[in-house]
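Please read the structure below before turning to the comments.
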Amino acid sequence: MGSHADELPQGDEITVLVTGFAPFRAQFPVNPAWEIAKNLPPFLPQQETRSMDITSILQLPRVRLLVYPEPVRVSYTTVRELVPKLWEGHKIDYAVHIGMASGRRFYSVERRGHRDGYNALDVDGNLLGDDWRKKEEGDKWIWHGLPEELLTSIAIDDVWRRWRNTLPNTDVRISEDAGRYLCDFIFYSSLAYLTKKEEERRVVFFHVPVDSDPAAINTGVETCIELIRAIVQSGRISKLTSQS
594 MGSHADELPQ
604 GDEITVLVTG
614 FAPFRAQFPV
624 NPAWEIAKNL
634 PPFLPQQETR
644 SMDITSILQL
654 PRVRLLVYPE
664 PVRVSYTTVR
674 ELVPKLWEGH
684 KIDYAVHIGM
694 ASGRRFYSVE
704 RRGHRDGYNA
714 LDVDGNLLGD
724 DWRKKEEGDK
734 WIWHGLPEEL
744 LTSIAIDDVW
754 RRWRNTLPNT
764 DVRISEDAGR
774 YLCDFIFYSS
784 LAYLTKKEEE
794 RRVVFFHVPV
804 DSDPAAINTG
814 VETCIELIRA
824 IVQSGRISKL
834 TSQS
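First residue of the sequence shown? That's 594 in my numbering, and the numbers climb one at a time after it.
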């Protein structure tokens with residue numbers, strides 16, 4: 594499926610799916626989300642010891658970064674058709690969707706996705722149109738019975754603490770509002786898919802600033818790597834604690 598999918602997962606290997614959006618605004622012809630995603634290494638690199646947190650030196654299994662090989666079109670139809678294909682038939686331990694936040698000068702990880710309120714046109718000039726679908730399709734509507742908000746099952750507060758400790762000079766935050774555009778939409782779509790499958794909602798959305806020069810992309814790659822590391826560390830500790 595992905596550009597780093599040449600080898601099969603081995604043993605205790607952890608696989609993290611990553612997607613990045615394509616450009617969607619004329620004033621931003623390069624979307625840093627995709628530039629960051631496509632420049633990730635195939636495996637999570639070894640951590641440089643920066644934190645005094647003893648759990649930060651936890652021995653992790655190999656972590657594969659499985660990058661979806663194309664930038665995701667900023668289209669409601671594209672995203673709705675794509676999300677099930679990302680999850681079905683693949684061993685995905687976690688997923689990180691990446692998108693650009695034009696009004697933010699910091700990096701943020703989103704806690705919750707929203708079902709409703711998508712009133713902006715996508716790049717194809719289309720609205721989502723789910724208000725109409727809900728009425729017409731009733732209990733056959735794709736998100737029938739799901740709540741207005743879905744939260745990730747990943748321990749975001751713990752992840753943020755680890756992330757921040759590893760990157761003391763980078764502004765990283767938790768966000769509660771993914772924006773009700775395609776970023777929010779793909780996030781809720783994955784959360785909804787996993788909820789309907791009665792699986793852990795093991796997905797986050799990573800918002801990045803608009804800067805797309807080489808230095809900014811390098812910073813974005815490092816910040817994404819450390820976010821993924823924090824997610825894996827947090828999940829590993831939670832799993833070990835629950836087994837003890």
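Ideal Cβ positions, reconstructed from N, Cα and C, are used throughout, including at glycine. Model, not experiment: these values are computed from the prediction.
Among the options, the one whose alpha carbon lies nearest that of residue i
i	options	result
HIS800	ALA630, VAL609 and GLY722	ALA630
LEU659	PRO677, ILE607, ARG705 and VAL676	ILE607
LEU610	ASN719, SER782, PRO622 and LEU679	LEU679
PRO664	LEU775, TYR700, GLN836 and ARG697	LEU775
THR759	PRO638, GLN639 and ALA823	ALA823
VAL752	VAL623, PHE621, SER827 and SER835	SER827
Residue j beta carbon less than 8 Å from that of residue i
i	j	result
GLU741	ASP770	no
LEU820	VAL672	no
ASP777	HIS707	yes
TYR669	LEU721	yes
ILE830	GLU628	no
ASN632	VAL825	no
ARG705	LEU743	yes
THR816	TYR700	yes
PRO807	ARG698	no
ASP605	PRO654	yes
ILE779	VAL676	yes
Extent of the continuous alpha helix (DSSP H) run through residue i
i	result
GLU674	669-680
LEU744	Careful: LEU744 lies outside any alpha helix (DSSP H), inside the beta strand (DSSP E) at 742-744.
ARG657	Element bounds for ARG657: not the alpha helix (DSSP H) but the beta strand (DSSP E), 656-660.
VAL752	749-759
ARG726	723-730
THR788	775-789
GLU628	625-631
C-alpha distance - residue i paired with residue j, whole-angstrom precision
i	j	result
GLU729	ASP715	22 Å
GLN603	LEU833	Annotation note: pLDDT 47 at GLN603 (below 50); position unreliable, no value reported.
ARG754	TYR661	28 Å
ARG618	GLN652	42 Å
ARG666	LEU784	19 Å
ILE818	PRO635	11 Å
ARG726	ILE735	9 Å
GLU791	GLU681	14 Å
GLY772	ASN762	26 Å
ILE767	ASP750	8 Å
Continuous beta strand (DSSP E) stretch holding residue i: start and end
i	result
SER835	First-last for SER835: 807-836, but that is the alpha helix (DSSP H), not the beta strand (DSSP E).
LEU653	Per DSSP, LEU653 belongs to no beta strand (DSSP E) and is neither H nor E.
ILE735	Where ILE735 is concerned, there is no enclosing beta strand (DSSP E), given that its DSSP letter is neither H nor E.
ILE691	687-693
PHE798	796-801
Counting pairs of Cβ atoms below 8 Å between the region 787-800 and the region 685-700, do you hit three or more? yes
Are the region 689-707 and the region 614-622 in contact at 8 Å, needing three or more beta carbon pairs? yes
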